[in-house]
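Worksheet for the structure shown next.
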Amino acid sequence: MAGNTFGQIFTVTTFGESHGVGLGCIIDGCPPHLPLCEADIQADLDRRKPGTSRHVTQRREADQVEILSGVFEGKTTGTPIALLIRNTDQRSKDYGNIAQQFRPGHADYTYWHKYGTRDYRGGGRSSARETAARVAAGAVAKKWLREQFGTEIVCWVTQVGEKEITFENEDFISQNPFFAANQSQIAELENYMDSVRKSLDSVGAKLHIEARNVPVGLGEPVFDRLDADIAHALMSINAVKAVEIGDGFDVVAQRGSVHGDELTPTGFKSNHAGGILGGISTGQTITANFAIKPTSSIATPRESIDIYGNSVEIATHGRHDPCVGLRAAPIAEAMLALVLIDHALRNRAQNADVRVNTPDIARLGGE
Numbered sequence: 001m002a003g004n005t006f007g008q009i010f011t012v013t014t015f016g017e018s019h020g021v022g023l024g025c026i027i028d029g030c031p032p033h034l035p036l037c038e039a040d041i042q043a044d045l046d047r048r049k050p051g052t053s054r055h056v057t058q059r060r061e062a063d064q065v066e067i068l069s070g071v072f073e074g075k076t077t078g079t080p081i082a083l084l085i086r087n088t089d090q091r092s093k094d095y096g097n098i099a100q101q102f103r104p105g106h107a108d109y110t111y112w113h114k115y116g117t118r119d120y121r122g123g124g125r126s127s128a129r130e131t132a133a134r135v136a137a138g139a140v141a142k143k144w145l146r147e148q149f150g151t152e153i154v155c156w157v158t159q160v161g162e163k164e165i166t167f168e169n170e171d172f173i174s175q176n177p178f179f180a181a182n183q184s185q186i187a188e189l190e191n192y193m194d195s196v197r198k199s200l201d202s203v204g205a206k207l208h209i210e211a212r213n214v215p216v217g218l219g220e221p222v223f224d225r226l227d228a229d230i231a232h233a234l235m236s237i238n239a240v241k242a243v244e245i246g247d248g249f250d251v252v253a254q255r256g257s258v259h260g261d262e263l264t265p266t267g268f269k270s271n272h273a274g275g276i277l278g279g280i281s282t283g284q285t286i287t288a289n290f291a292i293k294p295t296s297s298i299a300t301p302r303e304s305i306d307i308y309g310n311s312v313e314i315a316t317h318g319r320h321d322p323c324v325g326l327r328a329a330p331i332a333e334a335m336l337a338l339v340l341i342d343h344a345l346r347n348r349a350q351n352a353d354v355r356v357n358t359p360d361i362a363r364l365g366g367e
């Protein structure tokens, strides 16, 4: 299987399956002398891990990370960083009935046709559990970006199924199981998700993500535009079906006189472009939205086929997220961080000596 490595200078190769011994990643290209310990990584893993509320899978995984290499006396050495997260709560017997059947909406059918084999236990490599390794790598990237530029990345859920969540205060995001920025809607969301779970069905979600204090100049036109790589990164997350940068599809109804972010000596007057122009960061806040489909593993009986092409009725029983989007925020933050650190290092390699007299107006004020 190819396609398990992300990045060009700061590269991350993930490995492992949902019901295997464990998951992990190898980070290559991390600059030396970055203070790093397990606790720096664990905080983000705890935000993503399963079993944290009744609205997500009840699989109980501590997701304790182990740093196997690349760190000496509390600092990165510049050598490959190996991170390992052991699986401890697999229940493979839950999947015995689908060993020769394809779950609608899952990767079962396509993996079987492509490789001629598949790990049916929890989806194997196609499981969202693979993203634990991404979150671990992303935590390293986030720390470097924070120390170098003061970059902060934050993501929150803006819609669950039919329920839109209005923004109130991002301080609430870490205080509820929905990663919602509105405390007043939590009770409504609790009741809604209870009803979804009892109906043996699932729902999708929409999330918003921002990266603040991003330096101007990141992005490599024409094929490695920053927005293109962000879209690539977010689309690589399990179940993501749509990504929009800045105002996204709303630009269709905008006039050029509105959409074009005007520049002034003291800053930009707006940020419809989402902090990226010509595929290069402007120094403004980078903004994006993405949509996650309903969880495919549901207990509602549905029509499918087995590996011989025979018609079957399939219902997936076990421990599954009724809305996988509820745990997507730390995953998206990790992927955005991996894009930004890679482009920051690429930009430093090529353009470290570039100097212009024009002020960095995004640092002066405005949007």
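Reminder that position 330 of the sequence shown reads as 330 in full-length UniProt numbering, one-by-one numbering, no gaps. Positions of the beta carbon are idealized from the N, C-alpha and C atoms, including for glycine.
For isoleucine 9, the nearest candidate out of Val354, Gly78, Thr158, Asn213 (CA to CA): Your numbering for residue 9 matches position 9 in the sequence shown. Each of Val354, Gly78, Thr158, Asn213 was checked against the Cα of isoleucine 9, and the nearest Cα belongs to Gly78.
If we count the other Cβ atoms within 10 Å of its Cβ and call it buried at 16 or more, is tyrosine 192 buried or exposed? Counting from 1 along the sequence shown, the entry for residue 192 is found at position 192. By the neighbour-count rule (16 or more Cβ atoms within 10 Å), tyrosine 192 is buried.
CA-to-CA distance, glycine 219 to histidine 343, given in whole angstroms: One-based indexing of the sequence shown puts residue 343 at position 343. One-based indexing of the sequence shown puts residue 219 at position 219. Rounded to whole angstroms, histidine 343 and glycine 219 show a C-alpha spacing of 6 Å.
Helix, strand or coil for arginine 363, going by three-state DSSP, please let me know. Within the sequence shown, residue 363 is the residue found at index 363, counting from 1. The answer is helix: DSSP assigns arginine 363 an H, G or I state.
Residues in the same chain with beta-carbon distance under 7 Å from phenylalanine 172, minus the five sequence neighbours each way, listed in chain order, please. Counting from one through the sequence shown, the residue named residue 172 turns up at place 172. Closer than 7 Å at the Cβ level, and outside the excluded window around phenylalanine 172, lie Ala180, Ala181, Asn182, Gln183.
Using alpha carbons as the reference points, say which of Arg118, Ile280, Ile286 lies closest to cysteine 155. The sequence position of residue 155 within the sequence shown is 155, counting from 1. Closest in alpha carbon position to cysteine 155, among Arg118, Ile280, Ile286, is Ile286.
Quick one: which unbroken alpha helix (DSSP H) runs of 4-plus residues sit fully inside the stretch 294 to 366? Chain order, please. The qualifying runs are 329 to 351.
Out of curiosity, what's the CA-to-CA distance linking isoleucine 331 and phenylalanine 223? The count along the sequence shown starts at 1 and reaches residue 331 at position 331. The count along the sequence shown starts at 1 and reaches residue 223 at position 223. Rounded to the nearest angstrom, the gap between the Cα atoms of isoleucine 331 and phenylalanine 223 is 24 Å.
Is glycine 309 buried or exposed, if buried means 16 or more other CB atoms sit within 10 Å of its CB? Counting from 1 along the sequence shown, the entry for residue 309 is found at position 309. Looking at its Cβ environment, which holds fewer than 16 other Cβ atoms inside 10 Å, glycine 309 is exposed.
Exposure label - isoleucine 307; buried when at least 16 CB within 10 Å: Your numbering for residue 307 matches position 307 in the sequence shown. By the neighbour-count criterion, in which a residue is buried when 16 or more other Cβ atoms sit within 10 angstroms of its Cβ, isoleucine 307 is exposed.
Reference glutamate 333; option with closest CA among Val140, Glu313, Thr5: Along the sequence shown, read from residue 1 onward, the residue named residue 333 stands at position 333. Of Val140, Glu313, Thr5, the residue nearest in Cα terms is Val140.
With valine 21 and arginine 86 assumed to form a contact (beta carbons below 8 Å), what rounded beta-carbon distance in angstroms separates them? As a working note, residue 21 is residue 21 in the sequence shown. As a working note, residue 86 is residue 86 in the sequence shown. Between arginine 86 and valine 21 the Cβ distance is about 7 Å, and since that is below 8 Å, they are a contact.
Measuring alpha carbon to alpha carbon, tell me which residue in Val354, Glu188, Leu145, Leu340 is nearest glutamate 162. In the sequence shown, the residue the question calls residue 162 occupies position 162. Answer by Cα proximity: Glu188.
Looking at the secondary structure, which residues open and close the beta strand (DSSP E) in which lysine 269 lies? As a working mapping, residue 269 is identified with position 269 in the sequence shown. In the DSSP annotation of this structure, lysine 269 is not part of any beta strand (DSSP E), being labelled neither H nor E.
Is the number of C-beta pairs between the stretch 277 to 297 and the stretch 201 to 219 that are closer than 8 Å three or more? With a cut-off of 8 Å, the stretch 201 to 219 and the stretch 277 to 297 count as touching, because enough Cβ pairs lie within range.
With 16 as the cutoff for other CB atoms within 10 Å, does leucine 45 come out buried or exposed? For the purposes of this step, residue 45 is taken as the residue at position 45 of the sequence shown. Classified as buried, leucine 45 has 16 or more neighbouring CB atoms from the shown chains inside 10 Å of its CB.
From threonine 341 to leucine 23, what does the alpha carbon distance come to, in whole angstroms? Sequence index remark: in the sequence shown, residue 341 carries index 341 (1-based). Sequence index remark: in the sequence shown, residue 23 carries index 23 (1-based). A small correction: the amino acid at residue 341 is isoleucine; threonine does not occupy that position in the sequence shown. When rounded, the separation of the alpha-carbon atoms in isoleucine 341 and leucine 23 is 23 Å.
What's the gap between the Cα of threonine 158 and the Cα of arginine 355? The residue given as residue 158 occupies position 158 in the sequence shown. The residue given as residue 355 occupies position 355 in the sequence shown. Rounded to the nearest angstrom, the gap between the Cα atoms of threonine 158 and arginine 355 is 40 Å.
Count the other CB atoms, across all protein chains shown, that sit within 10 Å of the CB of histidine 317; report buried if there are 16 or more and exposed otherwise. Position 317 of the sequence shown, counted from the start, is the residue given in the question as residue 317. Histidine 317 should be labelled exposed.
From Asp321, Val135, Glu147, residue whose alpha carbon lies closest to that of lysine 198: Locating residue 198 in the sequence shown gives position 198, counting from the first residue. For lysine 198, the nearest C-alpha among the options comes from Asp321.
In angstroms, rounded to a whole number, what distance separates the CA positions of alanine 128 and threonine 5? Residue numbering aside, residue 128 sits at position 128 when the sequence shown is read from its first letter. Residue numbering aside, residue 5 sits at position 5 when the sequence shown is read from its first letter. Linking alanine 128 to threonine 5 through their CA atoms gives a straight-line distance of about 16 Å.
If you count every other CB in all the chains shown that lies within 10 Å of the CB of glutamine 100, and 16 or more means buried, which is it? On the sequence shown, residue 100 is found 100 positions in, with the first residue counted as 1. Classification of glutamine 100: exposed, given that the 10 Å Cβ count is below 16.
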